[in-house]
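Asks:
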Amino acid sequence: MGRTSKDKRDVYYRLAKENGWRARSAFKLLQLDEEFHLFQGVTRAVDLCAAPGSWSQVLSQKIGGQGSGHVVAVDLQAMAPLPGVLQIQGDITQLSTAKEIIQHFEGCPADLVVCDGAPDVTGLHDVDEYMQAQLLLAALNIATHVLKPGGCFVAKIFRGRDVTLIYSQLRVFFSSVLCAKPRSSRNSSIEAFAVCQGYDPPEGFLPDLTKPLLDHSYD
Numbered sequence: 001m002g003r004t005s006k007d008k009r010d011v012y013y014r015l016a017k018e019n020g021w022r023a024r025s026a027f028k029l030l031q032l033d034e035e036f037h038l039f040q041g042v043t044r045a046v047d048l049c050a051a052p053g054s055w056s057q058v059l060s061q062k063i064g065g066q067g068s069g070h071v072v073a074v075d076l077q078a079m080a081p082l083p084g085v086l087q088i089q090g091d092i093t094q095l096s097t098a099k100e101i102i103q104h105f106e107g108c109p110a111d112l113v114v115c116d117g118a119p120d121v122t123g124l125h126d127v128d129e130y131m132q133a134q135l136l137l138a139a140l141n142i143a144t145h146v147l148k149p150g151g152c153f154v155a156k157i158f159r160g161r162d163v164t165l166i167y168s169q170l171r172v173f174f175s176s177v178l179c180a181k182p183r184s185s186r187n188s189s190i191e192a193f194a195v196c197q198g199y200d201p202p203e204g205f206l207p208d209l210t211k212p213l214l215d216h217s218y219d
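Going by the UniProt record's numbering, the residue at position 167 of the sequence shown is 167; the numbering climbs one at a time, nothing skipped.
1) On the premise that glutamine 57 lies in contact with alanine 26, defined as a C-beta separation below 8 Å, what is that separation, rounded to the nearest angstrom?
2) Measure the Cβ-Cβ separation of cysteine 115 and cysteine 49 and say whether it is below 8 Å.
3) Using C-beta distances below 6 Å, list every residue in its chain close to histidine 70, excluding the 5 sequence neighbours before and after it, in chain order.
4) Under three-state DSSP, which class holds leucine 112?
5) Rounded to whole angstroms, what's the CA-CA distance from glutamate 18 to cysteine 108? Just pull it up for me.
6) DSSP on leucine 30, reduced to helix/strand/coil?
7) In terms of DSSP beta bridges, what is glutamate 191 paired with?
8) Measuring CB to CB, does leucine 82 end up less than 8 Å from serine 60?
9) I'd like to know whether the C-beta atoms of proline 207 and threonine 144 end up nearer to each other than 8 Å.
10) Indicate the three-state DSSP secondary structure (helix, strand or coil) for glycine 168 in the structure shown.
11) Just to confirm, is the Cβ distance from threonine 93 to alanine 133 under 8 Å?
12) Going by the DSSP bridge assignment, what does glutamine 197 pair with across the sheet?
13) Give me the DSSP bridge partner(s) of valine 58.
14) Take the Cβ of serine 175 as the centre, count every other Cβ of all protein chains shown within 10 Å, and call the residue buried at 16 or more, exposed below.
15) Give the DSSP-derived three-state secondary structure of glutamine 40 in the structure shown.
16) Taking the continuous alpha helix (DSSP H) assigned at aspartate 128, which residues delimit it?
17) How big is the Cα-Cα spacing for isoleucine 157 and tyrosine 167?
18) In whole angstroms, give me the CA-to-CA distance for leucine 86 and aspartate 47.
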């Protein structure tokens, strides 16, 4: 059975169509918010790897529609416009894209950074896990430049043998790091979400896009 047929049998696929969401993944962010209150007090947010735009839709409705809300959505692919959402077309692993994102938050940092992106799956679990980890670290690197103290970072993660190391790295920067799997995430999927709250980088840490994110002096 093809992917399209499976999607059409899926309750969240149908609900997304009925409610005007661009993809069923909108429910993942909504359910994460139900559990962790991600949007509380948020007026400025970044959606990395945003296409087709369902998470940006959620952010647009939850914070962008407040007038004072400001959402930046970033992806290699262009997306249809959304109210209250500024789009940047680029690769978050590229220095030029990262710099463009950071410029939008100079002097007025973000409250929330989210990333639901994933690489093209090869079917080789170790390779897929490694590629996903690199994408997460690229997103985290951007987050360290734009998040305000106490801010929140949410990113897709593939559960595997190295996941404990990734959580250890995240805990260097956040007071709370938890693994969550929303009920709309398929049971067959190895995806989960790292929910990192309370951005609190180590004393003396200075974000630098040209150097590795973590340094042994902050262990």
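Using N, Cα and C, we set each Cβ at its ideal position, and we do this for glycine too.
Replies: Once the coordinates are examined:
1) 6 Å
2) yes
3) Arg44
4) strand
5) 37 Å
6) helix
7) Phe158
8) yes
9) yes
10) This sequence places serine at residue 168; glycine is not what is there. The answer is helix: DSSP assigns serine 168 an H, G or I state.
11) no
12) Cys152, Ser176
13) In the DSSP output, where bridge partners are listed per residue, valine 58 has none listed.
14) exposed
15) coil
16) 125-146
17) 10 Å
18) 10 Å
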